[in-house]
Amino acid sequence: MECRMAWGTQNPCYQDAVGIRRQVFIDEQGIDPHDELDGTDEDKMHYVGYVNDQPVTTARIDMLAGNRVKIQRVATVASARHRGYAGTLIKQIIADARRSDVARIELDAQLTALAFYQELGFVAIGEPFEEAGIQHKTMRYQVTNA
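For the record, in the sequence shown the residue sitting at position 39 is 39 according to full-length UniProt numbering, with numbers rising by one throughout.
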């Protein structure tokens with residue numbers, strides 16, 4: 001799988017990311033398009049994983065204060081699930097974070113995905129909460145000892 005990333009919305013990578021997010025979050029999970037396409041994509045980094053030049057998995061990154069980033073909108077098209085593509089994408093994000101002196105990565109995982117993120121080294125914190133009608137839990141990955 002080839003990982004590509006691009007900042008903002010004026011690029012083909014972003015268009016591919018939105019296509020995946022529409023399929024997974026809006027069409028499959030029934031999330032309101034206004035919640036999914038929240039108007040903040042311009043200020044985010046978008047990662048997309050490609051297999052044979054076809055977009056199969058995506059995530060967006062929000063830069064936070066204090067050398068932290070937040071992974072959001074992780075999705076894989078149905079036909080490409082259970083092949084390790086999202087895991088490969090998250091590992092690329094972690095590697096890029098290490099090169100960028102990021103201290104911590106955060107994300108809000110759907111409860112059904114907790115084990116997936118735990119296998120990648122994320123630790124669940126706090127109590128479950130609802131977002132867009134789906135139960136989530138905050139998770140953290142400590143990149144550096146800083």
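We put the beta carbon where it would ideally sit given N, CA and C, even for glycine.
- Per the coordinates, the alpha-carbon of N11 lies some 35 Å from the alpha-carbon of P128.
- For the set A97, Q72, A103, A80, the Cα lying nearest the Cα of H136 is the one of Q72.
- In this structure T144 does not touch E106 by the C-beta definition: roughly 14 Å separates them, more than the 8 Å allowed.
- Between the beta-carbon of C13 and that of V48 there is about 5 Å, and that keeps the pair under the 8 Å contact cut.
- The Cβ-Cβ distance between A75 and R4 does not fall below 8 Å.
- T40 carries a coil assignment under DSSP once its states are collapsed to helix, strand and coil.
- With contacts defined as CB atoms closer than 8 Å, I134 and I93 fail to qualify as a contacting pair.
- Taking the C-beta atoms as reference points, V123 is found no nearer than 8 Å to A80.
- Close CB contacts of M1 within its chain, under the 7 Å cut and outside five residues either way in sequence, are with G49, Y50, V51, Y85, T88 (chain order).
- Counting other Cβ atoms within 10 Å of its Cβ, A109 reaches 16 or more and is therefore classed as buried.
- Proximity to G126 across F116, Q23, R140 peaks at R140, based on C-alpha coordinates.
- For Q142, the closest alpha carbon among the candidates A132, V102, L114 is that of V102.
- For G133, no beta strand (DSSP E) segment is defined, and its DSSP state is neither H nor E.
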